[in-house]
Amino acid sequence: VMALRLQLERMTSGLLPSLREYARLYQVNEERLARARPGALVMHPGPMNEGVEISSAVARSLQSAIEEQVTNGVAVRMAVLYLLARGKP
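If you're matching positions, the sequence shown starts at 1 in the working numbering and goes up one per residue.
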(Lines of atoms letter the chains of each structure in order from A; the text may use other names.)
(Lines give C-alpha, C1' and ligand atoms only; values in the text may rest on other atoms or scores of the structure.)
Protein backbone atom coordinates (compact mmCIF):
# COMPACT_ATOMS: atom_id res chain seq x y z
CA VAL A 1 0.00 0.00 0.00
CA MET A 2 1.61 3.24 -1.12
CA ALA A 3 0.61 6.52 0.46
CA LEU A 4 1.86 9.78 -0.98
CA ARG A 5 2.49 13.08 0.78
CA LEU A 6 -0.27 15.62 0.60
CA GLN A 7 1.53 18.81 -0.37
CA LEU A 8 0.11 21.20 2.20
CA GLU A 9 1.89 24.14 0.57
CA ARG A 10 -0.31 23.64 -2.49
CA MET A 11 -3.63 23.44 -0.65
CA THR A 12 -4.39 27.12 -1.12
CA SER A 13 -6.40 26.40 -4.30
CA GLY A 14 -9.35 25.10 -2.27
CA LEU A 15 -9.46 21.65 -3.88
CA LEU A 16 -9.78 20.10 -0.43
CA PRO A 17 -12.06 21.58 2.20
CA SER A 18 -9.73 20.69 5.11
CA LEU A 19 -7.07 18.28 6.34
CA ARG A 20 -9.69 16.62 8.52
CA GLU A 21 -11.89 15.99 5.49
CA TYR A 22 -8.96 14.60 3.50
CA ALA A 23 -8.02 12.26 6.34
CA ARG A 24 -11.61 11.11 6.73
CA LEU A 25 -11.91 10.27 3.04
CA TYR A 26 -8.43 9.04 2.08
CA GLN A 27 -6.18 8.33 5.07
CA VAL A 28 -4.50 4.92 5.18
CA ASN A 29 -5.72 3.77 8.57
CA GLU A 30 -6.21 0.42 10.31
CA GLU A 31 -9.73 0.01 8.93
CA ARG A 32 -8.63 0.56 5.33
CA LEU A 33 -5.47 -1.50 5.75
CA ALA A 34 -7.61 -4.42 6.93
CA ARG A 35 -9.05 -4.57 3.39
CA ALA A 36 -5.60 -5.09 1.86
CA ARG A 37 -4.00 -8.45 1.30
CA PRO A 38 -2.76 -9.95 4.59
CA GLY A 39 0.86 -8.99 5.14
CA ALA A 40 0.72 -6.08 2.68
CA LEU A 41 3.52 -3.58 3.23
CA VAL A 42 2.75 0.07 3.84
CA MET A 43 5.06 2.55 2.15
CA HIS A 44 5.39 6.33 2.10
CA PRO A 45 8.29 8.21 0.49
CA GLY A 46 8.29 10.94 3.13
CA PRO A 47 8.16 13.43 4.49
CA MET A 48 4.99 12.18 6.08
CA ASN A 49 2.14 14.30 7.40
CA GLU A 50 1.35 11.81 10.12
CA GLY A 51 -2.33 11.71 10.93
CA VAL A 52 -3.22 13.07 7.49
CA GLU A 53 -2.18 10.65 4.72
CA ILE A 54 -1.54 7.82 7.13
CA SER A 55 -2.54 7.17 10.71
CA SER A 56 0.10 6.98 13.44
CA ALA A 57 -0.94 3.40 14.22
CA VAL A 58 -0.37 2.26 10.63
CA ALA A 59 2.87 4.23 10.26
CA ARG A 60 4.29 2.45 13.31
CA SER A 61 2.79 -0.98 12.60
CA LEU A 62 4.75 -4.11 11.74
CA GLN A 63 3.47 -3.76 8.17
CA SER A 64 5.16 -0.38 7.77
CA ALA A 65 8.28 -0.27 5.58
CA ILE A 66 8.37 3.53 5.71
CA GLU A 67 11.52 3.97 7.79
CA GLU A 68 13.49 1.53 5.61
CA GLN A 69 12.11 3.11 2.44
CA VAL A 70 13.14 6.62 3.51
CA THR A 71 16.55 5.42 4.73
CA ASN A 72 17.32 3.73 1.40
CA GLY A 73 15.72 6.37 -0.82
CA VAL A 74 18.79 8.56 -1.37
CA ALA A 75 21.06 5.60 -2.14
CA VAL A 76 18.56 4.19 -4.64
CA ARG A 77 18.21 7.54 -6.42
CA MET A 78 22.00 7.92 -6.55
CA ALA A 79 22.35 4.44 -8.08
CA VAL A 80 19.70 5.18 -10.71
CA LEU A 81 21.37 8.47 -11.65
CA TYR A 82 24.75 6.76 -11.85
CA LEU A 83 23.39 4.09 -14.22
CA LEU A 84 21.62 6.68 -16.35
CA ALA A 85 24.76 8.82 -16.59
CA ARG A 86 26.75 5.80 -17.79
CA GLY A 87 24.18 5.18 -20.51
CA LYS A 88 23.82 1.50 -19.65
CA PRO A 89 20.72 -0.19 -18.20
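For each residue, glycine too, the CB sits at the ideal point set by N, CA and C.
By how many angstroms is the C-alpha of residue j removed from the C-alpha of residue i?
i, j, result
"Gly73", "Ala65", "12 Å"
"Val28", "Leu62", "14 Å"
"Met78", "Val70", "13 Å"
"Gly14", "Gln7", "13 Å"
"Pro90", "Gly87", "Residue numbering for the chain in the displayed model covers 1 to 89; residue 90 lies beyond these limits and cannot be assessed."
"Tyr26", "Val80", "31 Å"
"Met48", "Arg10", "15 Å"
"Arg5", "Val76", "19 Å"
"Arg37", "Met43", "14 Å"
On a CA-only basis, which of the options is nearest residue i? Give me that one, please.
i, options, result
"Glu53", "Glu68, Arg10, Arg20, Tyr82", "Arg20"
"Gly94", "Asn49, Ala23, Val1", "Not covered by the structure: residue 94. The range shown for the chain is 1 to 89."
"Glu68", "Leu4, Ala23, Leu41", "Leu41"
Might you give, ordered along the chain, the residues of its own chain that have their beta carbon closer than 8 Å to the beta carbon of residue i, omitting 5 neighbours on each side?
i, result
"Ala85", "none"
"Tyr82", "none"
Leaving out five residues on either side along the sequence, give the residues of the same chain with a beta carbon under 6 Å from the beta carbon of residue i.
i, result
"Pro45", "none"
"Tyr22", "Leu16"
Checklist entry - Is the segment 31-47 touching the segment 56-68 in the sense that three or more CB pairs, one from each, lie closer than 8 Å? => result yes
Checklist entry - In the segment 5-70, which residue ranges form an unbroken alpha helix (DSSP H) of at least 4 residues, counting only runs that do not cross its ends? => result 19-26, 30-33, 56-59
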